[in-house]
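Novice:
In this note's numbering, the protein residues as written are 114 to 391.
Laid out in structure tokens, this is it:
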């Protein structure tokens, strides 16, 4: 009978200890979860940035505790405490990473500016050639030296008739003197009409090259009666070779002036002159 009572008391005491241990473990678990559970992390970058230092400090404290535990002799180490600290440190490091990512969203660099379309470079405007010009030259015509004055103009009708928009003409008068083919000294005044066509390519940069023909008529020769018609063919170039206003030109060809029947100037011709826009 006594043995039964002792056994019953022993069981009761054991049950009380077990119940107390269960209650104690539950209390410790609730306290642990309250201390180490991650609170609701902010989604605002500014608030997340403010929490980062506290989380780093908490991790440093737990790592210090873990180091202290690991320095103990193996017999005195608590494997349970070591495992618990490692778990807490790992969880808090994950939390720190999340907070740093949220905070980084508030300091993202602004997007690079959109490339602006590059405006096309304006093509250099090629100045249009004047429609009319006034010109003058000194010349050599098959033995006669002289001077000429001319009026140069475009011929729009040529574009309508034969499709040539680079055709131009000139009208002028000249004076020359020299020995003709009969070795007779002659002075003369003559009129001329030129027609010329600009070429697509030029002999020199910043210039134009052209070829043409001339019809001339001597209206006066050394006090005698007028002569007769003659002509010439030539090639020339015109451009701003000298920066002194207007354009300079040079022509060379083969032609004739006929001041009277039986005596003429026939051979190489060369002209050097200026043309000014009107």
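We put the CB at the ideal spot given by N, CA and C, even for glycine.
Taking its Cβ as the centre, do 16 or more other Cβ atoms sit within 10 Å of residue 309, making it buried, or is it exposed?
Specialist: With 16 or more Cβ atoms within 10 Å of its Cβ, residue 309 is classed as buried.
Novice: Does the distance from the CB of residue 166 to the CB of residue 215 come in under 7 Å?
Specialist: Not a contact, by the Cβ cut-off of 7 Å.
Novice: Per DSSP, residue 378 is paired with what?
Specialist: In the DSSP output, where bridge partners are listed per residue, residue 378 has 370.
Novice: Pairing CB atoms from the segment 324-334 with CB atoms from the segment 299-309, are three or more of them under 8 Å?
Specialist: As far as the Cβ criterion goes, the segment 324-334 touches the segment 299-309, which means the pair count is three or higher.
Novice: Out of 232, 224, 346 and 177, which has the shortest C-alpha to C-alpha gap to residue 199?
Specialist: The shortest C-alpha separation from residue 199 is found at 177.
Novice: Return the residue from the list 377, 385 and 376 that minimises the CA-CA distance to residue 366.
Specialist: Ranking 377, 385 and 376 by Cα distance to residue 366 puts 385 first.
Novice: Take the Cβ of residue 351 as the centre, count every other Cβ of all protein chains shown within 10 Å, and call the residue buried at 16 or more, exposed below.
Specialist: Classification for residue 351: buried.
Novice: What are the residues that DSSP puts in a beta bridge with residue 298?
Specialist: Beta-bridge pairing links residue 298 to 292.
Novice: Where do the N-terminal and C-terminal ends of the alpha helix (DSSP H) with residue 179 fall, by residue?
Specialist: Start and end: 158-184.
Novice: With DSSP as the reference, label residue 131 as helix, strand or coil.
Specialist: Here residue 131 sits in helix by DSSP.
Novice: For residue 245, count neighbouring Cβ atoms within 10 angstroms of its own Cβ and tell me buried if that reaches 16, exposed if not.
Specialist: Burial call: exposed.
Novice: Could you tell me the alpha carbon to alpha carbon distance between residue 254 and residue 278, rounded to whole angstroms?
Specialist: In a straight line, the C-alpha of residue 254 is about 30 Å away from that of residue 278.
Novice: For the alpha helix (DSSP H) holding residue 192, just list the boundary residues, first then last.
Specialist: Note, residue 192: alpha helix (DSSP H), 192-218.
Novice: Could you tell me the alpha carbon to alpha carbon distance between residue 268 and residue 225, rounded to whole angstroms?
Specialist: Those two C-alpha atoms are separated by around 59 Å.
Novice: If we call anything under 7 Å between Cβ atoms a contact, is residue 263 one with residue 289?
Specialist: Not in contact: residue 263 and residue 289 (Cβ atoms no closer than 7 Å).
Novice: Short of 8 Å in beta carbon distance, which residues of its chain neighbour residue 168, apart from the five on each side in sequence? Order them along the chain.
Specialist: Hits under 8 Å: 205, 208, 209 and 212.
Novice: Buried or exposed, going by whether 16 or more other CB atoms sit within 10 Å of the CB of residue 317?
Specialist: Flag for residue 317 reads exposed.
Novice: For residue 372, does the count of other Cβ atoms within 10 angstroms reach 16, so buried, or fall short, so exposed?
Specialist: So residue 372 counts as buried.
Novice: In angstroms, rounded to a whole number, what distance separates the CA positions of residue 164 and residue 172?
Specialist: So the two alpha carbons sit approximately 13 Å from each other.
Novice: For the beta strand (DSSP E) containing residue 344, list its first residue and its last residue.
Specialist: Segment 342-352, the beta strand (DSSP E) holding residue 344.
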